[in-house]
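Quick note: the sequence shown uses the numbering used here, first residue 582, plus one each step. Glycine residues also receive a C-beta, built at the ideal position from the N, C-alpha and C atoms. First up is the structure itself, then whatever we jot down about it.
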Amino acid sequence: MKITSIYILVVVSIVLFSESAFSQDSWWKEKKYKTEEKQRKFNECKKVLIDISDGLMYSNVNYIIPHFQNEVYLSIQNSEKGYYNREQSSYIIESFFTTYPVSSFKWKNSSRSERYAFALGKYKYKKGGFINTFTISVSLKYVDDLWQIDQIIVN
582 MKITSIYILV VVSIVLFSES AFSQDSWWKE KKYKTEEKQR KFNECKKVLI
632 DISDGLMYSN VNYIIPHFQN EVYLSIQNSE KGYYNREQSS YIIESFFTTY
682 PVSSFKWKNS SRSERYAFAL GKYKYKKGGF INTFTISVSL KYVDDLWQID
732 QIIVN
């Protein structure tokens, strides 16, 4: 009886939690790499994209700032467009969060190569009693053993 109860609990847990765990990472296609160094490199890439996602989801630029290059290209719909230093980029993104309060954010897909990575996501926000959506794309560049934000585009 005890083993049956444990078995049922395990099966229910897998069913309930595996779908949400899978859906969170469906944007990131796992690959096998020939070396541990490459595996670490792309795990770091994924971590950076998760940090950015958390920053967007919680409207907290502090998750994003550590990954800025010295200059970042920003293109924010109906707003800023150009290259900005870290401080300016931080201010622009904070302003975006204030203007478009997040309802949800989720990466939809991503791709990566040796020196570049890209992710595309949906940013839902509340405005005027309605939920609207922006598409956000983020480009990363691998520089000095770090994945850094090269550009953020909001459409």
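Residue i versus the options, residue with shortest Cα-Cα distance
i    : options                : result
A700 : Y644, E652, K662, C626 : C626
M638 : N736, K703, F711       : K703
Y672 : F649, K689, S685, R693 : F649
V735 : D725, F686, W728, L727 : F686
K634 : D725, T716, K722       : In the sequence as presented, Lys is not what sits at residue 634; that position holds Ser. When each option's Cα is compared against that of S634, the closest is T716.
K622 : W688, I733, E695, Q732 : E695
P647 : E668, N659, Q658, N690 : E668
D725 : Y697, S718, Q732, I733 : Y697
Span separating the alpha-carbon of residue i from that of residue j
i    : j    : result
S720 : I645 : 13 Å
P682 : S670 : 18 Å
N713 : K615 : 43 Å
F677 : I730 : 17 Å
E661 : L655 : 7 Å
I631 : L727 : 15 Å
N666 : S692 : 26 Å
E652 : E617 : 31 Å
T680 : G636 : 15 Å
S743 : I674 : Absent from the structure is residue 743, since the part of the chain shown begins at 582 and ends at 736.
S640 : W688 : 15 Å
I657 : Q620 : 33 Å
N624 : N690 : 16 Å
S684 : D606 : 19 Å
Burial state of residue i, where buried means 16 or more other Cβ atoms lie within 10 Å
i    : result
V629 : buried
G663 : exposed
V642 : buried
I733 : buried
Contact test: residue i Cβ vs the ligand PLP heavy atom, cutoff 6 Å
i    : result
Q620 : This structure does not include the ligand PLP; it has no bound ligands of any sort.
Complete beta strand (DSSP E) runs within the segment 675-702 (minimum length 3 residues, chain order)
683-693
Is there contact between the segment 705-718 and the segment 605-613, where contact requires at least three CB pairs shorter than 8 Å?
no
At what residue ranges does the segment 597-648 contain a whole run of the alpha helix (DSSP H), taking only runs of 4 or more?
617-638
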